[in-house]
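> Numbering follows full-length UniProt numbering, in which position 289 of the sequence shown is assigned residue number 289; successive positions increment by one, without gaps. For glycine and all other residues, C-beta sits at the position ideal for the given N, C-alpha and C. Below is one structure. I have some questions about it.
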Amino acid sequence: MTARADSTAARFGHNGDVTARAPVDRGPTVLRIALGVQLRKLREERGISRETAGEALRASESKIARLELGRTGFKVRDMGDLLTLYGVHDADERDRFLALARQANQPGWWHRYNDLLPSWFETYVGLEQASLGIRIYETHYIPGLFQTADYARYIFGLDSREDAQRLVDMRMRRQRILTRTPTPPTVWAVVDEHVLRRLPPDPCVARNQLLHLLELTEQPNITIQVLPESVGPTPAEGGSFSILRFPEEELPDIVYLEQLTSALYLDKTVDLQHYRKLMDTLCAGYAHPVGRTPILLQELLDAVG
């Protein structure tokens with residue numbers, strides 16, 4: 001493993017976990033989840049049921065569940081009523097909660113594209129934007145964070161979508177987190193080799209995409225490994241997935257599994273352990289060493305001409 005890869009690995013920890021939780025600008029998606037976690041802890045510490053909490057809001061138990069999972073916005077009045085019920089009377093502490101609730105209700109930049117994106121993917125973008133570490137296994141396309149505009153335009157054009165340009169713009173906007181200051185996320189991706197060989201037919205588009213990947217391998221916060229075609233079956237035959245980690249200690253990692261018309265978000269300990277181990281196995285036991293990636297990309301560039 002190269003010195004740069006060692007540095008990236010150190011940021012993820014021995015098993016791919018980010019160890020230094022530096023401050024990151026939190027978007028509304030993660031703020032809602034973090035607030036929900038804090039409210040659940042307050043409720044449980046006082047032995048109050050969700051049903052009782054719902055009654056305090058003149059609402060159902062399911063609304064409390066949605067609030068605690070960060071799946072809905074917070075009304076300031078509801079937050080105030082819950083804080084009173086949970087015994088939070090200190091003015092400064094209440095103000096802190098209420099300020100966070102207002103902030104969590106502000107739309108993220110990606111909401112301007114909500115006419116194009118399914119709600120389940122909007123959630124992912126919100127999580128991605130607030131992440132401190134992202135691990136990716138990709139079996140079909142160049143990872144979205146690594147795509148050039150022309151490659152993305154080709155992919156979106158496969159569906160003959162009239163709004164393809166706006167989708168490309170949105171994808172390019174997502175990529176700004178790679179150079180976010182002061183704390184860009186650490187991204188470690190394992191990409192199937194056939195993804196690199198099955199590029200758009202336009203040689204200019206293909207070449208520019210390969211050059212872009214080659215440039216990304218030089219970034220200190222980005223590591224790319226290639227899973228060779230010759231490796232045969234792997235434990236990850238279930239397909240692509242991502243693991244996101246956040247600066248907030250109270251937030252668990254989230255595994256993202258995208259399907260054709262929906263997505264799964266997993267945060268249970270048993271699921272996280274499974275996918276972390278799976279990613280570690282791919283990196284250490286199946287993928288080419290990190291130092292092989294620039295060599296392979298150059299070979300592919302030479303073949304494109």
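1) In its own chain, which residues sit with a C-beta less than 7 Å from the C-beta of tyrosine 256, not counting the 5 before and 5 after it?
2) With distances taken Cα to Cα, identify the nearest neighbour of glycine 126 among Tyr141, Asp92, Ala34 and Thr139.
3) Return the CA-CA distance between glycine 232 and aspartate 169, expressed in angstroms with no decimal places.
4) Please return the same chain residues whose Cβ sits closer than 8 Å to the Cβ of glycine 157, not counting the five positions on each side in sequence.
5) If leucine 216 and phenylalanine 146 are in contact, beta carbons under 8 Å, what's the gap, nearest whole angstrom?
6) If you drop the 5 nearest sequence neighbours on each side, which residues of the same chain put their C-beta closer than 7 Å to that of glycine 87?
7) Helix, strand or coil: which one does DSSP assign to isoleucine 48?
8) Which of the three DSSP states is assigned to serine 240 in this structure?
9) Short check: CB of glutamine 209 to CB of isoleucine 142, under 8 Å?
10) Give a yes or no on whether the C-beta atoms belonging to arginine 32 and tyrosine 113 are separated by under 8 Å.
11) Between the C-alpha atoms of alanine 59 and alanine 65, what's the straight-line distance to the nearest angstrom?
12) When the distance is taken between beta carbons, is valine 304 closer than 8 Å to proline 203?
13) The alpha helix (DSSP H) spanning isoleucine 142 covers which residue range?
According to the data block:
1) Working through the sequence shown from its first residue, we reach residue 256 at position 256. Closer than 7 Å at the Cβ level, and outside the excluded window around tyrosine 256, lie Tyr124, Phe241, Ser242, Leu244, Ala263 and Tyr265.
2) Here residue 126 refers to the residue found at position 126 when the sequence shown is read from its first residue. Of the listed residues, the one whose Cα sits closest to glycine 126 is Ala34.
3) On the sequence shown, position 232 is the one that residue 232 refers to. On the sequence shown, position 169 is the one that residue 169 refers to. Taking the straight line from one Cα to the other gives about 37 Å.
4) Along the sequence shown, read from residue 1 onward, the residue named residue 157 stands at position 157. Sequence-distant Cβ neighbours of glycine 157 in its own chain, meaning closer than 8 Å and more than five residues away, are Ala164.
5) Residue 216 sits at position 216 when you count from the first residue of the sequence shown. Residue 146 sits at position 146 when you count from the first residue of the sequence shown. Between leucine 216 and phenylalanine 146 the beta-carbon gap is near 6 Å, inside 8 Å, which marks them as a contact.
6) On the sequence shown, residue 87 is found 87 positions in, with the first residue counted as 1. Apart from sequence neighbours up to five positions away, the residues of its chain that approach glycine 87 with a beta-carbon distance below 7 Å are Arg46, ordered along the chain.
7) For this step, residue 48 is matched to residue 48 along the sequence shown. In the three-state scheme derived from DSSP, where H, G and I count as helix and E and B as strand, isoleucine 48 is classed as coil.
8) Stepping through the sequence shown from its first residue, residue 240 is reached at position 240. Three-state result, serine 240: coil.
9) Counting from one through the sequence shown, the residue named residue 209 turns up at place 209. Counting from one through the sequence shown, the residue named residue 142 turns up at place 142. With a cutoff of 8 Å on beta-carbon distance, glutamine 209 and isoleucine 142 are scored as near each other.
10) Here the question's residue 32 lines up with position 32 in the sequence shown. Here the question's residue 113 lines up with position 113 in the sequence shown. Taking 8 Å as the Cβ cut-off, arginine 32 and tyrosine 113 do not qualify as a contacting pair.
11) What you label residue 59 is simply residue 59 of the sequence shown in a count that begins at 1. What you label residue 65 is simply residue 65 of the sequence shown in a count that begins at 1. Spanning the two alpha carbons is a distance of roughly 11 Å.
12) Against the sequence shown, residue 203 aligns to sequence position 203. Against the sequence shown, residue 304 aligns to sequence position 304. Taking 8 Å as the cut-off, the Cβ atoms of proline 203 and valine 304 count as close.
13) As a first step, residue 142 must be located in the sequence shown, where it is residue number 142. Isoleucine 142 -> no alpha helix (DSSP H), and no H or E assigned at all.
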